[in-house]
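Numbered according to mature numbering (1 follows the signal peptide of the UniProt record, and there is no 0), the sequence shown spans residues -18 to -1, 1 to 150. We put the beta carbon where it would ideally sit given N, CA and C, even for glycine.
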Amino acid sequence: MFSIFLLVILNLFTLVLGDCPDGSTNWGALCFQGYIEKETWNKAEQLCSQYWNKGHLVSVTDAYKNSVLPYVFDTAVVDYWIGAKFSSGKWTWSDSNDFTYENWARGQPNNTMGDCAVQRYSDSEWLSHPCSQKKQYICEFPSLNVTRTTTPPNICGTLTSLPALHTQ
């Protein structure tokens, strides 16, 4: 009886965690894929939705997610596009998530500098940049039933899981 219970629990655990394609990073019900090719914000968003079913530039919705994103890259990068964009007088996420968490660097956002956001690799703080600049980027997409719609370009990172959150 215990074996059946354990088998059911393990299957539920696997279902909750989901699967991600090789080379991408699994984080609960999401997958992250970092790209070292530099693209404009609009092109990066377009490529995320083209490569992955329900894919977008990553939405940073809490502090923990913000802190683990640099681990998506297996090599240091300066900064990379996230899904934040200033539109109609407010910051929004490209996937329409509520913009309830922010981690702007001091003096940011500075909308005179740009209407799109990057996350700095070194400290995970955000900066506004011109959307026309070319940067590395991180795509986010659901981990269950992931469907690749086209072959992505060279990818960066082989990390298959992120560090667990430890509470005391």
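Residue i lies in the beta strand (DSSP E); which residues open and close that run?
{"i": "Lys117", "result": "117 to 124"}
{"i": "Lys36", "result": "Run containing Lys36: none; DSSP gives neither H nor E here."}
{"i": "Trp9", "result": "7 to 9"}
With residue i and residue j assumed to form a contact (beta carbons below 8 Å), what rounded beta-carbon distance in angstroms separates them?
{"i": "Glu122", "j": "His38", "result": "6 Å"}
{"i": "Phe14", "j": "Val40", "result": "6 Å"}
{"i": "Lys20", "j": "Lys117", "result": "6 Å"}
Just curious, the alpha helix (DSSP H) that residue i is in, first and last residue?
{"i": "Gln15", "result": "Premise fails: Gln15 lies in the beta strand (DSSP E), 12 to 21, not in any alpha helix (DSSP H)."}
{"i": "Asn48", "result": "45 to 50"}
Which of helix, strand or coil does DSSP assign to residue i?
{"i": "Ser110", "result": "strand"}
{"i": "Ser31", "result": "helix"}
How long is the line joining the alpha carbons of residue i and residue j, rounded to whole angstroms?
{"i": "Thr94", "j": "Lys72", "result": "14 Å"}
{"i": "Val(-11)", "j": "Thr7", "result": "Confidence in Val(-11) is poor, its pLDDT being 38 and thus under 50, which makes the residue's placement too unreliable to answer from."}
{"i": "Val42", "j": "Asp80", "result": "10 Å"}
{"i": "residue 159", "j": "Ala99", "result": "Outside the shown range of the chain (-18 to 150) lies residue 159, about which nothing can therefore be said."}
{"i": "Asp44", "j": "Leu51", "result": "11 Å"}
{"i": "Ser114", "j": "Asp56", "result": "25 Å"}
{"i": "residue 154", "j": "Gly96", "result": "For residue 154 there is no data in the structure shown, the boundaries of the chain being -18 and 150."}
{"i": "Tyr46", "j": "Tyr33", "result": "26 Å"}
{"i": "Asn85", "j": "Ser76", "result": "17 Å"}
{"i": "Trp63", "j": "Ile120", "result": "7 Å"}
{"i": "Gly5", "j": "Leu109", "result": "27 Å"}
Any idea which residues DSSP pairs residue i with across the strands?
{"i": "Tyr62", "result": "Gln101, Gln118"}
{"i": "Ser76", "result": "Looking at the DSSP assignment, Ser76 forms no beta bridge with any residue, so it has no partner."}
{"i": "Phe68", "result": "Trp73"}
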